[in-house]
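Using this note's numbering, the first residue of the sequence shown is number 1, and each one after it goes up by one. Below is one structure, written out as C-alpha coordinates; comments come after it.
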Amino acid sequence: MVRKLGKNVLRKRRNTKIFFKGRYIKYPFENGLSGLQRRDNIECLYSYVENWMKFKKGKSKEPRNFREWMYRTFGEGITEKYLIPYNRKVWNFEPGKMAVDWVKDRVPQPPVEDVIKSSLGIQTEGYTHQLYFYYPKNGGINSLIKAFEHKLKGRITLGFDVKRVGKEENKWVVSDGKTEKKFDRIISTIPIEKFVDIYHGTPKEIKRAAKGLKHNSLVTVLLGFDVKKMNDLHWLYFPREKEGLFNKVCFPFNNSSHVTPKGKSSAIVEITCAPQESIWKMKDEKLIEHVVDKLDHHKVAKKETVCFSKVMRSKHAYVINDLDYNKNTIILRNFFADEGVVLCGRFSEFKYLGMDATVKSAMEKAEQLNRTF
1 MVRKLGKNVL RKRRNTKIFF KGRYIKYPFE NGLSGLQRRD NIECLYSYVE
51 NWMKFKKGKS KEPRNFREWM YRTFGEGITE KYLIPYNRKV WNFEPGKMAV
101 DWVKDRVPQP PVEDVIKSSL GIQTEGYTHQ LYFYYPKNGG INSLIKAFEH
151 KLKGRITLGF DVKRVGKEEN KWVVSDGKTE KKFDRIISTI PIEKFVDIYH
201 GTPKEIKRAA KGLKHNSLVT VLLGFDVKKM NDLHWLYFPR EKEGLFNKVC
251 FPFNNSSHVT PKGKSSAIVE ITCAPQESIW KMKDEKLIEH VVDKLDHHKV
301 AKKETVCFSK VMRSKHAYVI NDLDYNKNTI ILRNFFADEG VVLCGRFSEF
351 KYLGMDATVK SAMEKAEQLN RTF
(Lines of atoms letter the chains of each structure in order from A and count residues from 1; the text may use other names and numbers.)
(Lines give C-alpha, C1' and ligand atoms only; values in the text may rest on other atoms or scores of the structure.)
Protein backbone atom coordinates (compact mmCIF):
# COMPACT_ATOMS: atom_id res chain seq x y z
CA MET A 1 0.00 0.00 0.00
CA VAL A 2 2.82 2.39 0.88
CA ARG A 3 4.60 1.56 -2.40
CA LYS A 4 1.65 3.04 -4.30
CA LEU A 5 2.67 6.47 -3.01
CA GLY A 6 6.19 6.23 -4.46
CA LYS A 7 8.31 9.07 -3.05
CA ASN A 8 5.23 10.94 -1.84
CA VAL A 9 5.36 9.40 1.63
CA LEU A 10 6.57 10.24 5.14
CA ARG A 11 7.27 7.90 8.06
CA LYS A 12 6.10 9.23 11.42
CA ARG A 13 6.50 8.14 15.03
CA ARG A 14 3.21 8.39 16.86
CA ASN A 15 2.84 11.23 19.36
CA THR A 16 -0.60 10.83 20.87
CA LYS A 17 -2.09 11.88 24.19
CA ILE A 18 -5.28 11.45 26.21
CA PHE A 19 -6.81 14.56 27.76
CA PHE A 20 -7.75 13.45 31.27
CA LYS A 21 -8.69 15.78 34.13
CA GLY A 22 -6.82 18.65 32.50
CA ARG A 23 -3.65 16.60 31.94
CA TYR A 24 -2.06 15.19 28.80
CA ILE A 25 -1.65 11.47 29.48
CA LYS A 26 0.51 9.28 27.28
CA TYR A 27 -1.35 6.95 24.91
CA PRO A 28 -2.29 4.21 25.46
CA PHE A 29 -3.61 5.05 28.92
CA GLU A 30 -2.00 2.08 30.67
CA ASN A 31 1.42 3.25 29.45
CA GLY A 32 0.95 6.74 30.89
CA LEU A 33 -0.13 6.07 34.50
CA SER A 34 2.61 8.22 36.01
CA GLY A 35 1.01 11.25 34.38
CA LEU A 36 -2.16 10.78 36.44
CA GLN A 37 -2.88 12.24 39.85
CA ARG A 38 -1.32 9.98 42.51
CA ARG A 39 -4.61 8.48 43.68
CA ASP A 40 -5.72 7.64 40.13
CA ASN A 41 -2.30 6.16 39.37
CA ILE A 42 -2.34 3.86 42.43
CA GLU A 43 -5.93 2.74 41.84
CA CYS A 44 -5.18 1.86 38.21
CA LEU A 45 -1.97 -0.02 39.06
CA TYR A 46 -3.42 -1.91 42.03
CA SER A 47 -6.52 -3.15 40.22
CA TYR A 48 -4.54 -4.07 37.10
CA VAL A 49 -2.05 -6.20 39.05
CA GLU A 50 -4.83 -7.71 41.19
CA ASN A 51 -6.76 -8.66 38.07
CA TRP A 52 -3.66 -10.01 36.36
CA MET A 53 -2.91 -12.28 39.35
CA LYS A 54 -6.51 -13.51 39.39
CA PHE A 55 -6.26 -14.33 35.67
CA LYS A 56 -2.95 -16.18 36.12
CA LYS A 57 -4.49 -18.30 38.88
CA GLY A 58 -7.44 -19.16 36.63
CA LYS A 59 -9.93 -17.39 38.88
CA SER A 60 -11.29 -14.87 36.38
CA LYS A 61 -14.45 -15.64 34.40
CA GLU A 62 -14.61 -15.71 30.62
CA PRO A 63 -16.08 -12.36 29.51
CA ARG A 64 -19.54 -12.47 27.93
CA ASN A 65 -19.45 -8.94 26.52
CA PHE A 66 -17.15 -5.99 25.83
CA ARG A 67 -17.71 -4.43 29.27
CA GLU A 68 -16.71 -7.63 31.08
CA TRP A 69 -13.70 -8.00 28.80
CA MET A 70 -12.43 -4.54 29.77
CA TYR A 71 -12.74 -5.32 33.49
CA ARG A 72 -11.06 -8.71 33.07
CA THR A 73 -8.22 -7.37 30.90
CA PHE A 74 -7.42 -4.02 32.53
CA GLY A 75 -8.97 -4.08 36.01
CA GLU A 76 -11.40 -1.71 37.65
CA GLY A 77 -9.22 1.43 37.72
CA ILE A 78 -8.29 1.76 34.04
CA THR A 79 -11.70 0.46 32.95
CA GLU A 80 -13.82 2.89 34.97
CA LYS A 81 -11.61 5.95 34.65
CA TYR A 82 -10.86 5.66 30.93
CA LEU A 83 -12.08 2.68 28.94
CA ILE A 84 -15.80 2.71 29.72
CA PRO A 85 -16.23 6.51 29.36
CA TYR A 86 -14.24 6.59 26.13
CA ASN A 87 -15.93 3.57 24.56
CA ARG A 88 -19.40 4.81 25.49
CA LYS A 89 -18.49 8.04 23.74
CA VAL A 90 -16.86 6.64 20.62
CA TRP A 91 -19.40 3.84 20.06
CA ASN A 92 -22.43 5.74 21.36
CA PHE A 93 -23.50 2.34 22.62
CA GLU A 94 -23.48 0.55 25.95
CA PRO A 95 -20.33 -1.70 26.20
CA GLY A 96 -22.31 -4.31 28.13
CA LYS A 97 -24.45 -4.83 25.02
CA MET A 98 -21.48 -5.26 22.68
CA ALA A 99 -19.86 -8.55 21.72
CA VAL A 100 -16.30 -9.37 22.72
CA ASP A 101 -14.74 -11.44 19.93
CA TRP A 102 -14.00 -8.42 17.70
CA VAL A 103 -11.72 -6.75 20.28
CA LYS A 104 -9.55 -9.67 21.39
CA ASP A 105 -7.09 -9.37 18.49
CA ARG A 106 -7.46 -5.60 18.11
CA VAL A 107 -6.48 -4.40 21.59
CA PRO A 108 -3.42 -6.20 22.99
CA GLN A 109 -3.08 -6.78 26.73
CA PRO A 110 0.04 -4.99 28.00
CA PRO A 111 2.63 -6.97 29.97
CA VAL A 112 2.23 -6.43 33.71
CA GLU A 113 5.87 -5.30 33.84
CA ASP A 114 5.08 -2.43 31.45
CA VAL A 115 2.13 -1.26 33.54
CA ILE A 116 4.24 -1.26 36.71
CA LYS A 117 7.02 0.66 34.94
CA SER A 118 4.41 3.08 33.57
CA SER A 119 3.15 3.77 37.09
CA LEU A 120 6.70 4.47 38.28
CA GLY A 121 7.41 6.86 35.42
CA ILE A 122 9.65 4.49 33.42
CA GLN A 123 9.01 4.87 29.70
CA THR A 124 7.14 2.01 28.00
CA GLU A 125 5.36 1.80 24.65
CA GLY A 126 1.99 0.16 24.01
CA TYR A 127 0.22 -0.70 20.76
CA THR A 128 3.63 -0.99 19.13
CA HIS A 129 2.03 -2.23 15.89
CA GLN A 130 0.94 1.38 15.29
CA LEU A 131 3.88 3.20 16.91
CA TYR A 132 5.11 4.17 13.44
CA PHE A 133 2.82 5.09 10.57
CA TYR A 134 3.06 6.39 7.01
CA TYR A 135 1.36 9.45 5.59
CA PRO A 136 1.47 11.14 2.17
CA LYS A 137 3.79 14.13 1.96
CA ASN A 138 1.48 15.95 -0.44
CA GLY A 139 -2.24 15.69 -1.12
CA GLY A 140 -3.37 14.25 2.20
CA ILE A 141 -4.73 10.70 2.48
CA ASN A 142 -6.71 11.25 -0.73
CA SER A 143 -3.44 10.90 -2.65
CA LEU A 144 -3.49 7.20 -1.80
CA ILE A 145 -6.92 6.86 -3.43
CA LYS A 146 -5.63 8.84 -6.41
CA ALA A 147 -2.72 6.40 -6.73
CA PHE A 148 -5.12 3.45 -7.03
CA GLU A 149 -7.34 5.43 -9.39
CA HIS A 150 -4.40 6.26 -11.65
CA LYS A 151 -3.60 2.58 -12.10
CA LEU A 152 -7.15 1.88 -13.31
CA LYS A 153 -6.66 4.43 -16.12
CA GLY A 154 -10.20 5.67 -16.64
CA ARG A 155 -11.99 2.37 -16.07
CA ILE A 156 -14.07 3.87 -13.26
CA THR A 157 -17.61 5.08 -13.99
CA LEU A 158 -18.65 7.95 -11.74
CA GLY A 159 -22.08 9.47 -11.12
CA PHE A 160 -23.95 6.17 -11.63
CA ASP A 161 -26.35 5.96 -8.66
CA VAL A 162 -27.18 2.26 -8.41
CA LYS A 163 -30.92 1.68 -7.88
CA ARG A 164 -31.24 -2.02 -8.69
CA VAL A 165 -29.01 -5.10 -8.96
CA GLY A 166 -30.26 -8.42 -10.28
CA LYS A 167 -29.36 -11.43 -12.39
CA GLU A 168 -30.74 -12.14 -15.83
CA GLU A 169 -29.62 -15.01 -18.07
CA ASN A 170 -26.29 -15.53 -16.25
CA LYS A 171 -25.47 -11.83 -16.41
CA TRP A 172 -25.54 -9.29 -13.62
CA VAL A 173 -27.70 -6.28 -14.47
CA VAL A 174 -26.96 -3.02 -12.66
CA SER A 175 -29.36 -0.13 -13.15
CA ASP A 176 -29.56 3.52 -12.10
CA GLY A 177 -33.24 3.64 -13.06
CA LYS A 178 -32.44 4.93 -16.55
CA THR A 179 -29.51 2.92 -17.87
CA GLU A 180 -28.66 -0.75 -17.47
CA LYS A 181 -25.13 -2.18 -17.49
CA LYS A 182 -24.36 -5.90 -17.70
CA PHE A 183 -21.46 -7.73 -16.05
CA ASP A 184 -20.12 -11.27 -15.60
CA ARG A 185 -19.25 -10.78 -11.91
CA ILE A 186 -20.00 -8.08 -9.35
CA ILE A 187 -18.26 -6.91 -6.20
CA SER A 188 -20.35 -4.73 -3.90
CA THR A 189 -18.83 -2.04 -1.70
CA ILE A 190 -22.27 -0.54 -1.04
CA PRO A 191 -23.31 -0.53 2.66
CA ILE A 192 -24.96 -3.89 3.10
CA GLU A 193 -28.30 -2.63 4.45
CA LYS A 194 -28.66 -0.45 1.33
CA PHE A 195 -27.54 -3.26 -0.97
CA VAL A 196 -30.21 -5.53 0.51
CA ASP A 197 -32.83 -2.93 -0.45
CA ILE A 198 -31.70 -2.59 -4.08
CA TYR A 199 -30.95 -6.29 -4.62
CA HIS A 200 -33.73 -7.88 -6.67
CA GLY A 201 -35.71 -10.59 -4.91
CA THR A 202 -34.17 -10.27 -1.43
CA PRO A 203 -36.01 -12.66 0.95
CA LYS A 204 -37.71 -11.26 4.06
CA GLU A 205 -35.35 -13.01 6.49
CA ILE A 206 -32.37 -11.36 4.78
CA LYS A 207 -33.97 -7.93 5.04
CA ARG A 208 -34.73 -8.65 8.70
CA ALA A 209 -31.06 -9.53 9.36
CA ALA A 210 -29.92 -6.33 7.64
CA LYS A 211 -32.26 -4.22 9.76
CA GLY A 212 -30.74 -5.81 12.85
CA LEU A 213 -27.28 -4.42 12.06
CA LYS A 214 -26.14 -1.37 14.02
CA HIS A 215 -23.70 1.36 13.07
CA ASN A 216 -22.75 4.89 14.00
CA SER A 217 -22.44 8.07 12.02
CA LEU A 218 -19.75 10.72 12.30
CA VAL A 219 -19.93 14.49 12.47
CA THR A 220 -16.56 16.08 11.71
CA VAL A 221 -15.67 19.68 12.48
CA LEU A 222 -12.73 20.92 10.40
CA LEU A 223 -10.80 23.87 11.84
CA GLY A 224 -7.96 26.06 10.62
CA PHE A 225 -5.89 28.22 12.96
CA ASP A 226 -3.82 31.30 12.27
CA VAL A 227 -0.98 29.82 14.30
CA LYS A 228 2.23 28.18 13.14
CA LYS A 229 2.50 24.60 14.49
CA MET A 230 0.17 24.93 17.50
CA ASN A 231 1.44 21.63 18.99
CA ASP A 232 3.39 18.49 18.11
CA LEU A 233 0.56 15.96 18.55
CA HIS A 234 -0.84 13.65 15.89
CA TRP A 235 -4.12 13.12 17.70
CA LEU A 236 -5.65 13.73 21.13
CA TYR A 237 -8.38 11.68 22.83
CA PHE A 238 -11.16 13.15 24.98
CA PRO A 239 -12.72 10.24 26.90
CA ARG A 240 -15.07 12.00 29.32
CA GLU A 241 -18.48 13.51 28.50
CA LYS A 242 -17.78 16.73 30.42
CA GLU A 243 -14.85 17.48 28.10
CA GLY A 244 -17.10 17.90 25.08
CA LEU A 245 -19.18 16.01 22.53
CA PHE A 246 -16.07 15.02 20.60
CA ASN A 247 -13.94 11.93 21.32
CA LYS A 248 -10.85 12.66 19.23
CA VAL A 249 -9.03 15.61 17.68
CA CYS A 250 -6.49 14.97 14.91
CA PHE A 251 -3.83 17.46 13.84
CA PRO A 252 -3.03 16.80 10.15
CA PHE A 253 -0.34 19.50 9.95
CA ASN A 254 1.86 17.25 12.11
CA ASN A 255 1.44 14.41 9.61
CA SER A 256 2.77 16.63 6.84
CA SER A 257 3.60 20.33 6.71
CA HIS A 258 2.23 20.37 3.15
CA VAL A 259 -1.43 19.83 4.10
CA THR A 260 -1.94 23.32 5.56
CA PRO A 261 -1.02 26.79 4.26
CA LYS A 262 2.31 28.15 5.43
CA GLY A 263 2.14 29.51 8.97
CA LYS A 264 -1.19 27.81 9.74
CA SER A 265 -2.36 24.81 11.79
CA SER A 266 -5.36 22.52 11.39
CA ALA A 267 -7.57 20.16 13.38
CA ILE A 268 -10.12 17.47 12.56
CA VAL A 269 -12.60 17.07 15.42
CA GLU A 270 -14.60 13.82 15.48
CA ILE A 271 -18.05 13.44 17.06
CA THR A 272 -19.72 10.02 17.00
CA CYS A 273 -23.50 9.89 16.95
CA ALA A 274 -26.32 7.56 16.03
CA PRO A 275 -27.79 8.09 12.55
CA GLN A 276 -30.29 10.95 12.55
CA GLU A 277 -30.05 11.68 16.29
CA SER A 278 -29.93 15.19 17.78
CA ILE A 279 -26.17 15.71 17.29
CA TRP A 280 -26.47 14.74 13.63
CA LYS A 281 -29.21 17.35 13.21
CA MET A 282 -27.42 20.17 15.08
CA LYS A 283 -26.82 23.29 13.03
CA ASP A 284 -23.29 23.73 11.76
CA GLU A 285 -22.76 27.00 13.64
CA LYS A 286 -23.80 25.38 16.94
CA LEU A 287 -21.40 22.48 16.43
CA ILE A 288 -18.53 24.81 15.56
CA GLU A 289 -19.30 27.03 18.54
CA HIS A 290 -19.36 24.05 20.91
CA VAL A 291 -16.07 22.63 19.63
CA VAL A 292 -14.22 25.94 19.55
CA ASP A 293 -15.42 26.91 23.05
CA LYS A 294 -14.38 23.55 24.51
CA LEU A 295 -10.95 23.54 22.85
CA ASP A 296 -10.40 27.07 24.12
CA HIS A 297 -11.54 26.09 27.64
CA HIS A 298 -9.15 23.13 27.67
CA LYS A 299 -6.33 25.37 26.36
CA VAL A 300 -5.90 23.17 23.30
CA ALA A 301 -6.55 26.06 20.89
CA LYS A 302 -7.35 29.73 21.33
CA LYS A 303 -10.75 30.79 20.06
CA GLU A 304 -9.46 34.00 18.49
CA THR A 305 -6.98 32.10 16.29
CA VAL A 306 -9.66 30.19 14.33
CA CYS A 307 -9.53 31.29 10.70
CA PHE A 308 -11.49 28.48 9.02
CA SER A 309 -14.33 26.17 10.00
CA LYS A 310 -16.48 23.61 8.24
CA VAL A 311 -18.76 20.72 9.26
CA MET A 312 -18.96 17.42 7.40
CA ARG A 313 -21.24 14.45 8.06
CA SER A 314 -20.63 10.78 7.26
CA LYS A 315 -23.68 8.55 7.61
CA HIS A 316 -21.59 5.37 7.84
CA ALA A 317 -18.63 5.55 10.23
CA TYR A 318 -18.35 2.75 12.80
CA VAL A 319 -19.62 -0.82 12.66
CA ILE A 320 -21.10 -1.80 16.05
CA ASN A 321 -20.51 -5.38 17.14
CA ASP A 322 -23.61 -5.81 19.28
CA LEU A 323 -24.64 -9.13 20.80
CA ASP A 324 -26.63 -10.08 17.65
CA TYR A 325 -23.80 -9.11 15.28
CA ASN A 326 -22.53 -12.62 14.52
CA LYS A 327 -26.01 -14.03 13.96
CA ASN A 328 -27.04 -11.28 11.52
CA THR A 329 -23.76 -11.01 9.59
CA ILE A 330 -23.50 -14.79 9.09
CA ILE A 331 -27.00 -14.83 7.58
CA LEU A 332 -26.17 -11.99 5.21
CA ARG A 333 -22.72 -13.18 4.17
CA ASN A 334 -23.93 -16.73 3.51
CA PHE A 335 -26.83 -15.46 1.43
CA PHE A 336 -24.72 -13.26 -0.84
CA ALA A 337 -21.97 -15.89 -1.11
CA ASP A 338 -24.59 -18.35 -2.37
CA GLU A 339 -25.85 -15.70 -4.79
CA GLY A 340 -22.32 -15.18 -6.16
CA VAL A 341 -21.95 -11.61 -4.90
CA VAL A 342 -18.58 -10.62 -3.44
CA LEU A 343 -18.85 -8.20 -0.52
CA CYS A 344 -15.86 -5.90 0.01
CA GLY A 345 -15.18 -2.99 2.37
CA ARG A 346 -16.05 -1.97 5.93
CA PHE A 347 -19.78 -1.50 5.44
CA SER A 348 -20.33 -4.08 2.72
CA GLU A 349 -18.62 -6.83 4.70
CA PHE A 350 -19.88 -5.07 7.84
CA LYS A 351 -16.61 -5.50 9.70
CA TYR A 352 -14.68 -3.02 11.81
CA LEU A 353 -11.85 -2.65 9.28
CA GLY A 354 -9.28 0.12 9.20
CA MET A 355 -7.98 1.52 5.92
CA ASP A 356 -5.09 -0.95 5.80
CA ALA A 357 -7.33 -3.95 6.48
CA THR A 358 -9.85 -2.72 3.89
CA VAL A 359 -7.19 -2.52 1.19
CA LYS A 360 -5.84 -5.93 2.22
CA SER A 361 -9.34 -7.41 2.01
CA ALA A 362 -9.81 -5.95 -1.48
CA MET A 363 -6.48 -7.34 -2.68
CA GLU A 364 -7.28 -10.80 -1.30
CA LYS A 365 -10.69 -10.83 -2.97
CA ALA A 366 -9.15 -9.69 -6.27
CA GLU A 367 -6.66 -12.57 -6.11
CA GLN A 368 -9.46 -15.05 -5.37
CA LEU A 369 -11.50 -13.79 -8.32
CA ASN A 370 -8.49 -13.97 -10.64
CA ARG A 371 -7.99 -17.61 -9.69
CA THR A 372 -11.62 -18.60 -10.18
CA PHE A 373 -12.70 -16.46 -13.13
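Note that CB positions come from ideal geometry on N, CA and C, so glycine has one too.
Distance between beta carbons of Phe238 and Asn247, contact taken as under 8 Å: 6 Å
Boundaries of the beta strand (DSSP E) in which Val394 is found, first to last residue: With the chain running from 1 to 373 in the structure shown, residue 394 is simply not present.
N-terminal and C-terminal residue of the alpha helix (DSSP H) that Thr329 is part of: Tyr325 to Glu339
Per-residue DSSP class, three states only, for Asn216: strand
8 Å Cβ cutoff, Lys365 in contact with chain C: Within the model displayed, chain C is absent; a lone protein chain is all it includes.
N- and C-terminal bounds of the alpha helix (DSSP H) containing Cys273: First-last for Cys273: Ser265 to Cys273, but that is the beta strand (DSSP E), not the alpha helix (DSSP H).
Reduced DSSP secondary structure (H/G/I, E/B, other) of Gly139: coil
Three CB pairs or more closer than 8 Å across the region 260–275 and the region 157–165: no
Same chain, Cβ closer than 7 Å to Lys17, five either side skipped, listed in chain order: Cβ within range, chain order: Tyr24, Ile25, Lys26, Tyr27, Leu233 and Leu236.
Rounded C-alpha distance that separates Pro95 from Glu168: 45 Å
Contact set for Ala209: own chain, Cβ-Cβ below 7 Å, skip 5 residues either direction: Asn328, Ile331 and Leu332
Rounded C-alpha distance that separates Arg155 from Pro136: Looking at the backbone, the Cα of Arg155 and that of Pro136 are separated by about 24 Å.
Uninterrupted alpha helix (DSSP H) stretches inside the region 69–146 (no shorter than 4 residues): 84–91 and 112–120
Spatial distance of Ala357 from Arg3 (CA atoms): 16 Å
Completely contained beta strand (DSSP E) runs for the region 227–302, where each covers 3 or more residues: 235–237, 248–250 and 265–273
Supposed close pair Ala99, Tyr325 - CB separation, criterion 8 Å: 5 Å
Supposed contact pair Ser314 and Ile288 - C-beta distance, whole angstroms, cut 8 Å: Contact between Ile288 and Ser314 is absent: CB atoms are separated by about 17 Å, not below the 8 Å threshold.
Assigned exposure category for Ser188 - 16 Cβ within 10 Å defines buried: buried
Same chain, Cβ closer than 6 Å to Gly212, five either side skipped, listed in chain order: Asp324 and Asn328
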